[in-house]
Amino acid sequence: MFGKWFTGTISKPQNNHLIKLWTTTEENQLKKEWTKSPLNHSPSLKEQDMLAKIRTKTAILNRNNVTRTQAYLDLYLKHPEVHWSFLAHMVSRNGGWNMTDLKASHISTLLSYEKASILFRFLEKANHLIFQDAYPQLLLYEESKKAGRPLFYLLSEFHVSPFMNPIWTLFFNDNSKKELLTVSLIINEQNFIESNLLQNAFFQQKVLSSLTYQLQEKLGFTLVLFPYRKGSNTLLTGLLVQQFSNLSNRIEIGKKLYILLFKNKDVLQGALRFSKVNFHTGSREDYLPVVFSSTSDSRRIYSPTIEAAWADIDHPSIVPVAWFKDIQEVIKFFHLPSTMEPADMEKTHLYNLMKLTGISELHGVFFNK
20 MFGKWFTGTI SKPQNNHLIK LWTTTEENQL KKEWTKSPLN HSPSLKEQDM LAKIRTKTAI
80 LNRNNVTRTQ AYLDLYLKHP EVHWSFLAHM VSRNGGWNMT DLKASHISTL LSYEKASILF
140 RFLEKANHLI FQDAYPQLLL YEESKKAGRP LFYLLSEFHV SPFMNPIWTL FFNDNSKKEL
200 LTVSLIINEQ NFIESNLLQN AFFQQKVLSS LTYQLQEKLG FTLVLFPYRK GSNTLLTGLL
260 VQQFSNLSNR IEIGKKLYIL LFKNKDVLQG ALRFSKVNFH TGSREDYLPV VFSSTSDSRR
320 IYSPTIEAAW ADIDHPSIVP VAWFKDIQEV IKFFHLPSTM EPADMEKTHL YNLMKLTGIS
380 ELHGVFFNK
């Protein structure tokens, strides 16, 4: 009965038409730039001061999921041509909800403290690494606008992949290339965490190969939700995410989420209204207070805030693994679906909660062997 009730509630492309993101001239120019040997540049004293300020600001705002999520929104509101920053804000909200789910009343009984802690470290590390790589890029774009000239030759000072330098320069000179920049950042960040996190043997064994994670994916609990305001109501749309461990799949999901958010006027305007009014706490009460509560003494499902659920982690600094080696491996991603039909995801979300309630009774069978 439930399967029939929830059939057809997943957002999907309305047709198979793909949008090409560059002209042949732009494609050839980018390929040419990507094959050049990087130039050594010694920052001037003024540039060194600017770089130090970017590093300090990035470190302060990379404290936890709440500070990162707000930082993405704040930058988008100042520079709305950088679509990726608002997409990152909405996806980062989901990262926070996934983190607090590990301490929520509907999931915590499924996991031992050790397993919950490992999953949190994995989610937090991914959130941290993406911000570490992406936020200095966003701030350097801001500084380039102030200077009236591209400063992206300084991206190497933050160990950003040389893949991004010509992309940012092209966008700076022609900010109509919003889709090209967004897709490039999706490609870059997913390759970045692939090389610097997902290939880590510890997380491969403890997270991506674990029965807990695999069962979660198979039962459809990995939803990326976009709450958005329409009139006086908060609605939910989004996508079901599966095969997270597959790099190409993550990139395609990112592109679909981008189209779902930015190519549907009601969703974009409503998500902005929601984000400006509803400060991100990590609790699912932020978008569905009828079902969730950030206080444990409520009769609703307990969904704590990030700060109540987990202490901040002091991440050791790393020199990232360089991922960009094969131009042909990235060229294939430079297109977008023309449209994504936004589905009402509230019923799917509630149905998953119902399934979780049932599974919690069987956790000893599945997870204690």
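Numbering of the sequence shown is given in the numbering used here, commencing with residue 20 and proceeding in unit increments.
We treat Cβ as the ideally placed atom computed from N, Cα and C, and that holds for glycine.
Everything numeric in this text was worked out from a predicted model, so none of it was measured.
**Bridge partners - Gly257, DSSP secondary structure assignment** = If you number the sequence shown from 1, residue 257 lands on position 238. Beta-bridge partners assigned by DSSP to Gly257: Leu244.
**Prompt:** Is it true that the CB of Glu143 sits closer than 8 Å to the CB of Met118?
**Reply:** As a first step, residue 118 is located in the sequence shown; it is residue number 99 there, counting from the start. As a first step, residue 143 is located in the sequence shown; it is residue number 124 there, counting from the start. Yes. Within cutoff.
**Whole-Å CB distance - Leu94 paired with Val101, under 8 Å assumed** = Start at 1 with the first residue of the sequence shown, and residue 94 comes out as number 75. Start at 1 with the first residue of the sequence shown, and residue 101 comes out as number 82. Confirmed, Cβ separation roughly 7 Å.
**Asked** Roughly how many whole angstroms lie between the Cα atoms of Pro169 and Phe191?
**Response** Here residue 169 corresponds to residue number 150 of the sequence shown, with the count starting at 1. Here residue 191 corresponds to residue number 172 of the sequence shown, with the count starting at 1. Cα to Cα, the separation comes out at about 7 Å.
**Prompt:** Opposite Lys39 in the DSSP bridges: which residues?
**Reply:** Start at 1 with the first residue of the sequence shown, and residue 39 comes out as number 20. Bridge partners of Lys39: His354.
**Asked** According to DSSP, is Glu133 helix, strand or coil?
**Response** As a position in the sequence shown, residue 133 is number 114, starting the count at 1. Three-state DSSP puts Glu133 in a helix.
**Item:** Integer Cβ distance of His299 from Thr88, believed to fall under 8 Å
**Value:** Position 280 of the sequence shown, counted from the first residue, corresponds to residue 299. Position 69 of the sequence shown, counted from the first residue, corresponds to residue 88. Contact flag correct, Cβ pair sits at about 5 Å.
**Prompt:** How is Met364 classed by DSSP in three states: helix, strand or coil?
**Reply:** On the sequence shown, position 345 is the one that residue 364 refers to. Looking at Met364 - three-state DSSP - the assignment turns out to be coil, as it is neither helix nor strand.
**Message:** Quick check on the burial criterion: 16 or more other C-beta atoms within 10 angstroms. Buried or exposed for Pro246?
**Reply:** Here residue 246 refers to the residue found at position 227 of the sequence shown. Under this definition Pro246 is a buried residue.
**Prompt:** Excluding sequence positions up to five away, which residues of its chain have a Cβ less than 6 Å from the Cβ of Val260?
**Reply:** Here residue 260 refers to the residue found at position 241 when the sequence shown is read from its first residue. Excluding its 5 nearest sequence neighbours in each direction, Val260 has C-beta neighbours in its own chain below 6 Å: Thr241, Val243 and Ile272, listed in chain order.
**Request:** Tell me whether the beta-carbon of Asp305 lies closer than 8 Å to the beta-carbon of Lys249.
**Result:** Along the sequence shown, one-based indexing puts residue 305 at 286. Along the sequence shown, one-based indexing puts residue 249 at 230. The answer is no: Cβ separation not under 8 Å.
**Request:** Alpha carbon to alpha carbon, how far is Glu52 from Glu326? Give it in angstroms, no decimals.
**Result:** Residue mapping note: residue 326 aligns to position 307 of the sequence shown, counting from 1. Residue mapping note: residue 52 aligns to position 33 of the sequence shown, counting from 1. C-alpha separation (whole angstroms): 44 Å.
**Prompt:** Distance, Cα to Cα, Ser127 vs Arg319?
**Reply:** Here residue 127 is taken as the residue at index 108 of the sequence shown, counted from 1. Here residue 319 is taken as the residue at index 300 of the sequence shown, counted from 1. Whole-angstrom Cα-Cα distance: 15 Å.
**Closest Cα partner of Asn371 within the set Gln288, His125, Pro99 and Gly115** = Stepping through the sequence shown from its first residue, residue 371 is reached at position 352. The shortest C-alpha separation from Asn371 is found at His125.
**Item:** Range covered by the alpha helix (DSSP H) that runs through His108
**Value:** Numbered from its first residue, the sequence shown carries residue 108 at position 89. Counting along the chain, His108 sits inside the alpha helix (DSSP H) bounded by residues His102 to Asp120.
**Item:** Length-filtered (4 minimum) alpha helix (DSSP H) runs lying within the segment 283-338
**Value:** 284-296 and 325-328
**Item:** Alpha-carbon spacing of Lys275 relative to Leu70, whole angstroms
**Value:** On the sequence shown, residue 275 is found 256 positions in, with the first residue counted as 1. On the sequence shown, residue 70 is found 51 positions in, with the first residue counted as 1. In a straight line, the C-alpha of Lys275 is about 34 Å away from that of Leu70.
**Message:** Using DSSP's beta-bridge definition, name the partner residues of Asn252.
**Reply:** Stepping through the sequence shown from its first residue, residue 252 is reached at position 233. Note: Asn252 sits in a beta bridge opposite Lys249.
**Item:** Own chain, CB closer than 8 Å to Ser315, minus 5 neighbours either side, in chain order
**Value:** Taking the sequence shown and counting its residues from 1, the one referred to as residue 315 is at position 296. Cβ neighbours of Ser315 beyond the five flanking positions: Ser124, Tyr321 and Pro323.
**Message:** Tell me which residue opens and which closes the alpha helix (DSSP H) that Tyr91 is part of.
**Reply:** As a position in the sequence shown, residue 91 is number 72, starting the count at 1. Here the alpha helix (DSSP H) through Tyr91 covers Asn84 to Lys97.
**Message:** Is the separation between the beta-carbon of Ile137 and that of Ile212 shorter than 8 Å?
**Reply:** Against the sequence shown, residue 137 aligns to sequence position 118. Against the sequence shown, residue 212 aligns to sequence position 193. In this structure, Ile137 lies away from Ile212, with their beta-carbon atoms at least 8 Å apart.
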